[in-house]
Amino acid sequence: MLEKQLEYIKSRTDFVPDIALVLGSGLGELADEIDIKEIIHYNDIPDFPKSTAPTHKGCYVFGYLEGKKVAVMQGRIHLYEGYSPAEVVKPIRLLRLLGAKTLFLTNAAGGINRGFRIGDLMIINDHISSFVPSPLVGKNDDSLGLRFPDMSEVYSKKLNNIIKQTADEENINIKNGVYLQFRGPNFETPAEIKMAEIIGADAVGMSTAIEAQAAKHCGMEVCGISVITNLACGISETPITSEEVSETADRVAPIFKNIIKKSIGKFNE
Ligand code: HPA
Numbered sequence: 048m049l050e051k052q053l054e055y056i057k058s059r060t061d062f063v064p065d066i067a068l069v070l071g072s073g074l075g076e077l078a079d080e081i082d083i084k085e086i087i088h089y090n091d092i093p094d095f096p097k098s099t100a101p102t103h104k105g106c107y108v109f110g111y112l113e114g115k116k117v118a119v120m121q122g123r124i125h126l127y128e129g130y131s132p133a134e135v136v137k138p139i140r141l142l143r144l145l146g147a148k149t150l151f152l153t154n155a156a157g158g159i160n161r162g163f164r165i166g167d168l169m170i171i172n173d174h175i176s177s178f179v180p181s182p183l184v185g186k187n188d189d190s191l192g193l194r195f196p197d198m199s200e201v202y203s204k205k206l207n208n209i210i211k212q213t214a215d216e217e218n219i220n221i222k223n224g225v226y227l228q229f230r231g232p233n234f235e236t237p238a239e240i241k242m243a244e245i246i247g248a249d250a251v252g253m254s255t256a257i258e259a260q261a262a263k264h265c266g267m268e269v270c271g272i273s274v275i276t277n278l279a280c281g282i283s284e285t286p287i288t289s290e291e292v293s294e295t296a297d298r299v300a301p302i303f304k305n306i307i308k309k310s311i312g313k314f315n316e
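Dropping the structure here:
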C-alpha cells in the first residue's frame with residue numbers, strides 16, 4: 048500500500064520527518080517559517096489526490112521548524128472535493144510511512160460553544176466523526192494498524208498540555224473543546240448546528256476528524272487546533288461566507304503561527 052507514492056517521494060528527498068503538520072484553510076503561511084529542504088507538489092506524486100480547495104496550495108514542505116524535522120501539508124484533501132475517505136487520508140498515511148510519529152492538525156472552524164468569539168483558538172480535545180464515513184472501512188491493512196482501533200484518546204493529552212502551557216506563556220487565551228466534522232461543502236443549517244450543540248460539539252468544520260482517525264489507526268500521536276473563523280450558522284446572525292473565514296484566518300495568523308511553532312519546539316523533549 049502506497050509503495051509507488053513512497054518510492055516517488057524517496058526519489059526526491061531522503062528527509063525523514065518526525066512531526067507532520069497539516070495547515071488548514073487560510074493557515075498555510077506558516078510554511079514560510081520553515082527552513083525548507085524540499086517541496087513536493089501533490090500533482091507530481093503518482094496516483095495521488097489533487098487539492099482543489101481555494102487557499103490550499105497542495106504540496107508537502109519538508110524542512111526544519113524550531114529545530115524539529117517537520118513535513119508540512121500546505122493544503123489538505125477534503126471529502127467535499129469528491130474524494131473517498133481513504134483518498135482523503137492518503138497524504139497522512141504517507142507521512143507516517145515516511146517516518147512521522149506525531150501529527151499536528153489545524154483547521155478553520157465555526158464556533159458553536161456560546162463562550163467562543165470569532166478569532167479564538169481551540170485545542171481539539173476530542174471529535175465527533177459520526178456524520179462522515181470512516182476512512183478505516185474496507186479491508187484492513189494490518190501493516191498499518193488494528194481492525195478495531197481504540198479511540199479513547201485520539202488527541203494526545205500530553206501534546207494538548209504542551210499547547211496549553213505554550214499559550215499561557217505567550218499570554219494567548221486558548222479554548223478547548225470537541226470538533227465535529229460534517230462533509231460540506233455547504234455550511235450547515237441552523238437545525239444542524241442546534242443538533243451539533245445538543246450532542247456536545249464546540250466547533251464545526253469539514254475536515255480533520257477522519258485524518259485523526261487514520262493517524263490514530265496507524266499509531267501516530269495526534270493533536271490539533273481549530274481557528275474559530277466565524278460563529279456557526281444560527282449562532283451567527285449573519286450568513287457565513289468563505290471570505291469571512293479567510294479574513295479571520297489571515298487576522299489570527301500571527302498568533303496561530305507563534306503558538307504552533309513554540310509548541311512544536313517543545314514536542315519530543
Ligand atoms: N462550518 C463548517 N466549516 C467551517 C465553518 C463553519 O461554520 N467555518 C469554517 N469552516
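Numbering-wise, this note's numbering comes out as the position in the sequence shown, counting from 1, plus 47. Think of the CB as a built atom: it goes at the ideal place given N, C-alpha and C, for glycine as much as any other residue.
Per-residue DSSP class, three states only, for residue i
i	result
residue 125	coil
residue 208	helix
residue 111	strand
residue 213	helix
residue 173	strand
residue 325	Residue 325 lies beyond the stretch modelled for the chain, which goes from 48 to 316, so this question has no answer here.
residue 242	helix
residue 263	helix
residue 158	strand
residue 233	coil
residue 89	helix
Run of the alpha helix (DSSP H) containing residue i, from where it starts to where it stops
i	result
residue 55	50 to 59
residue 145	137 to 145
residue 303	289 to 313
Distance cut-off 8 Å: residue i Cβ against heavy atoms of the ligand HPA
i	result
residue 235	yes
residue 166	no
residue 246	no
residue 203	no
residue 251	yes
residue 220	no
residue 99	no
residue 9	Past the boundaries of the shown model lies residue 9; the chain is included only from 48 to 316, so the question cannot be answered.
residue 157	yes
residue 287	yes
residue 299	no
residue 231	yes
residue 225	no
Run of the beta strand (DSSP E) containing residue i, from where it starts to where it stops
i	result
residue 219	Looking at the DSSP string, residue 219 is not in any beta strand (DSSP E), and its letter there is neither H nor E.
residue 67	66 to 70
residue 77	Looking at the DSSP string, residue 77 is not in any beta strand (DSSP E), and its letter there is neither H nor E.
residue 270	268 to 278
residue 251	250 to 252
Cβ neighbour criterion (16 or more within 10 Å) applied to residue i
i	result
residue 222	buried
residue 167	buried
residue 63	exposed
residue 198	exposed
residue 155	buried
residue 50	exposed
residue 135	buried
residue 258	buried
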